[in-house]
Amino acid sequence: MRLSDKLELIFRLDTNQKKALKKLGLFSVADLLFYFPTRYSDLSTVKKIAELFPGEMATVYGKVSKLKTKKAFRSHMPLGEGEIEDLSGKIKIIWFNQAYLAKMIKNGESVKLTGKVTSGKGGIYLANPELEKMPNMPIDSHDTLFQKEGSVSQGLTYPIYAETRGITSKWFYHTILKIFQEKTLSGLEDYIPKDIVQKYSLPTLKTALVWIHTPKNLKDAESARKRFAFEEVFCIQLERQHDKYEYRKNKSFQIKKEEKLVKDFLARFPFTPTNSQTKSIQTILEDMGKNFPMSRLLEGDVGSGKTAVAATASYVVVKERPLGQNFGNLQVAYMAPTEILATQHFESFIEYFKHLPVNIGLITRSGCRKFPSKTVGPQGVGVNWTNISRAQLLKWVANGEIPILIGTHALIQKSVKFKHLAFVVIDEQHRFGTMQRQKLARKDGIAPHLLSMTATPIPRTLALTIYGDLDLSLLDEMPSGRKQIITEIITPNKRDETYEKVREELKGGRQLYVICPRIFEPDPEKELALNVKSAVAEAKRLKKEVFSEYEIGVLHSKMSKEKKEKMMQDFTEGRVHILCATSVVEVGVNVPNATVIIIEGAERFGLAQLHQLRGRVIRSTHQAYCYVFADAKTEKTIERLKALKTAKNGFELAELDLTLRGAGELSGTKQWGITDLGMEAIKNIKMVEAARAEAIRLIAEDPELSSYPLLKQKVHEKAGEFHFE
């Protein structure tokens with residue numbers, strides 16, 4: 001049997017099994033070997049049935065029989081009954097009010113049961129035991145792989161695989177054992193370099209595959225999982241570091257660090273720059289002074305001053321002359337994910353540059369603008385920009401007359417040509433694919449310096465992994481004088497009282513966001529979804545029952561781009577007083593008049609995402625409020641949400657998310673295509689830093705991995721699975 005053999009050619013598969021394997025993307029023997037268990041069942045605590053005594057909690061393993069369901073004689077309570085037998089004896093099972101459990105298994109199946117040994121009229125029985133289906137008792141030794149069925153070995157750990165309709169965990173287990181029996185792994189070579197495997201005490205590929213599917217104990221299973229987690233992060237890092245190496249081969253414009261220019265520009269800010277802003281500006285200018293292009297990610301909470309940092313760096317760039325010329329300017333492109341955001345950045349840049357003779361352009365699907373305007377246009381007094389034709393704007397960008405161009409995806413169209421593009425700023429960079437970023441960053445031969453920015457709080461380990469090709473800068477403090485948002489965790493009994501507080505704000509002319517976890521009402525058949533609020537239904541309820549005198553709008557991801565932009569425009573300009581939305585509003589529109597945000601079903605959001613949603617009201621000049629409505633009754637959930645009141649910034653909350661809820665709960669992680677195992681590795685800073693260090697070393701020594709053909713192939717395979725958007 002070879003790793004490349006097709007499963008349907010070497011195993012008897014019925015139609016349902018074929019469909020299930022196709023759904024899971026499992027076609028070859030290799031695919032199956034890399035389909036890892038989701039968890040393990042430990043039989044080290046299993047007791048012999050003959051040794052059980054009344055009153056104890058016990059775990060037993062054996063085969064079930066005499067399964068049936070019935071109703072209790074007097075109470076008519078539904079019951080599930082059966083027996084479980086091991087080599088030492090048998091005991092009765094009774095499930096009270098859980099008769100369905102007896103239907104989930106078949107007579108003769110092997111199961112593990114954990115429950116209280118109870119004394120009854122007919123002797124002892126297991127009351128309401130937890131049920132876990134098990135493979136028939138498997139191996140004791142990794143050398144022989146098999147031993148006689150039914151012999152229990154202390155310390156054995158058995159894999160449980162994620163099932164899908166048509167295929168069971170038991171099928172995975174026994175099929176993989178058959179693959180091992182065929183000595184399929186005998187000639188398997190490891191693609192991770194031997195020195196790295198030894199340095200970090202990782203099991204070899206062959207050993208790791210055996211241990212992950214058939215571990216002797218939990219320690220072996222964990223060692224195998226550690227190896228594959230390291231491997232995933234290592235492959236991502238190799239790809240990212242290779243991208244960085246390739247980008248640095250380009251030439252760039254070397255920008256002189258003019259301290260006086262920076263000092264004069266910052267002196268006009270309406271606030272004193274924070275220490276982290278000053279440090280980030282200095283780091284960016286140092287990067288831009290090198291003879292290869294900068295690739296840097298600037299992370300910072302909403303309102304931490306990322307745009308001010310980008311504007312300062314842009315100013316230094318546009319004051320620089322092209323190489324060998326004593327006229328003209330270098331150029332800046334600033335790319336935002338939406339038209340509204342691009343327009344807001346255009347207006348922010350006007351504020352920063354209004355005292356300077358610097359032309360600024362705006363290009364979006366809806367139209368083009370230029371600052372400054374020679375005449376006051378129809379917009380009225382004080383508005384010093386003008387609408388211009390697209391052709392005119394493109395002409396001025398191409399001849400260098402407009403040194404700063406702000407826009408959306410329109411910036412990367414072929415028709416947009418720069419004369420001396422030296423600096424590219426990408427806002428909310430994870431919203432753009434790698435190819436889009438590269439398109440803009442390599443527009444005109446000489447590669448411009450690249451500054452990506454995000455307000456999405458990402459734990460350091462995750463940032464180091466998914467943005468491994470970028471150097472990191474953090475804005476982890478707020479400008480002085482900015483009011484803290486007053487955050488309250490609201491339990492169901494305080495809802496009406498909170499609405500009255502909100503009403504007072506609305507009466508004062510302020511606006512309100514209401515965030516819901518769902519877009520539409522759930523299917524009533526799905527009882528678990530019944531209590532989850534939807535944006536559409538909540539808007540109707542609020543209009544009918546609570547805020548009938550106010551205009552209420554709805555915003556969600558299923559709306560067309562045009563409708564979303566129109567709704568945000570109506571809210572920004574005050575025609576809509578209350579906006580019911582999904583988390584689609586978490587990235588950035590500045591509505592200073594919105595001072596209150598209500599977040600429904602808060603327990604369904606991660607802490608960092610809640611923090612980002614809360615940031616929608618931070619730009620207000622008035623006191624802002626965030627009311628977090630939690631329906632969950634558990635103390636643990638309320639305690640988790642209280643961190644919103646105590647954490648200093650979004651990064652702290654993102655780290656808490658990682659600790660409390662796991663990597664899969666982090667905002668946006670699903671989009672990157674990293675496996676659950678890889679995401680678990682993100683919790684381990686030492687592992688991430690080790691994988692990064694080894695990838696940097698390997699790419700420095702051998703950029704094309706010519707000496708490591710197997711590793712190179714693995715990185716290419718993995719690259720197709722990851723989506724760095």
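The opening residue of the sequence shown carries number 1 in full-length UniProt numbering; numbering runs sequentially from there.
C-beta: ideal position from N, C-alpha, C; glycine also.
Own chain partners of residue i with C-beta closer than 6 Å, once the 5 adjacent residues on each side are dropped
i	result
Leu656	Leu607 and Ala643
Lys417	Ala398
Arg39	Ile160
Ile406	Tyr334, Ala342, His345, Phe346 and Leu362
Ile388	Cys368 and Lys370
Val546	Tyr499
Asp427	Ala336 and Met453
Glu81	Lys68 and Ile94
His622	Thr595
Cβ distance (whole Å) where residue i is taken to contact residue j below 8 Å
i	j	result
Cys368	Thr487	About 41 Å separates the two Cβ atoms, so there is no contact after all.
Ser252	Pro293	4 Å
Gln241	Gly468	6 Å
Glu652	Leu474	Wrong, their Cβ atoms sit about 12 Å apart, outside the cutoff.
Ile179	Val64	Actually they are not in contact, since the Cβ atoms of Ile179 and Val64 sit about 28 Å apart, beyond 8 Å.
Arg616	Ala594	7 Å
Val262	Ile281	7 Å
Leu710	Lys683	With a Cβ gap of about 28 Å, Leu710 and Lys683 do not count as contacting.
8 Å CB neighbourhood of residue i in its chain, flanking five on each side removed
i	result
Trp171	Gln17
Ser314	Val332, Tyr334, Phe349, Ile404, Phe423 and Val425
Gly553	Ala539, Met567, Asp570, Phe571, Val576, Ile578, Leu579 and Cys580
Gly108	Lys63, Val64 and Ser65
Met687	Lys226, Ala229, Phe230, Val233 and Ala681
Leu218	Tyr40, Asp42 and Thr157
Ala695	Phe234, Gln237, Leu238, Arg240, Gln241 and Gly468
Tyr200	Phe230 and Ala690
Arg321	Phe327, Gly328, Asn329 and Leu330
Gly89	Lys48, Ile49 and Ala50
Gly289	Gln254, Ile255, Lys256 and Lys257
Glu287	For the sequence presented, residue 287 should be read as Asp rather than Glu. If we look at Asp287 and ignore the five residues flanking it on each side, its Cβ neighbours are Met294, Arg296, His449 and Asp471.
Backbone secondary structure at residue i - three-state DSSP
i	result
Ala99	coil
Tyr708	coil
Asn275	helix
Asp301	coil
Asn250	coil
Asn128	strand
Phe172	helix
Ser201	coil
Ala463	helix
Gly377	Its pLDDT being 47, under 50, Gly377 is placed unreliably in this model, and the coordinates cannot settle the point.
Thr184	coil
Val262	helix
Leu9	helix
Ser119	strand
Counterpart residues of residue i in DSSP-defined beta bridges
i	result
Ser295	Leu450
Met335	Gly407 and Ile426
Ser41	Tyr158
Thr59	Val46 and Thr114
Phe629	Ile490
Cys516	Cys516 pairs with nothing; no bridge assigned.
Phe371	Ile360
Thr386	Lys370
Leu579	Tyr513 and Gly553
Val536	The partner list for Val536 (beta bridge, DSSP) is empty, contrary to what the question assumes.
Val64	Ile84
Other residues of its chain near residue i: CB distance less than 7 Å, five sequence neighbours each side excluded
i	result
Leu470	Ser295, Arg296, Leu297 and Ser452
Cys235	Lys714, Val715 and Lys718
Ser19	Before going on, a small fix: residue 19 reads as Lys here, not Ser. The residues are Gly166.
Pro492	Asp631
Asn128	Trp95, Phe96, Gln98 and Gly115
Glu8	Lys18
Tyr125	Ile91, Lys92, Ile93, Ile94 and Thr118
Leu103	A quick correction: the sequence has Lys, not Leu, at residue 103. Within the same chain, Lys103 has close Cβ partners Thr69.
Thr307	His345 and Ser348
Gln392	none
Phe269	Ala308
heavy atom of the ligand ZN below 8 Å from residue i C-beta
i	result
Leu542	Questions concerning the ligand ZN fall outside what the structure shown contains, since it holds no ligand whatsoever.
Any chain D beta carbon closer than 9 Å to residue i
i	result
Glu639	Any reference to chain D falls outside this structure, which holds one protein chain only.
Checklist line | Entirely enclosed beta strand (DSSP E) segments - the region 589 to 661, minimum 3 residues | finding: Every beta strand (DSSP E) stretch that sits fully inside the region 589 to 661 and reaches 3 residues is listed by chain position as 594 to 599 and 625 to 629.
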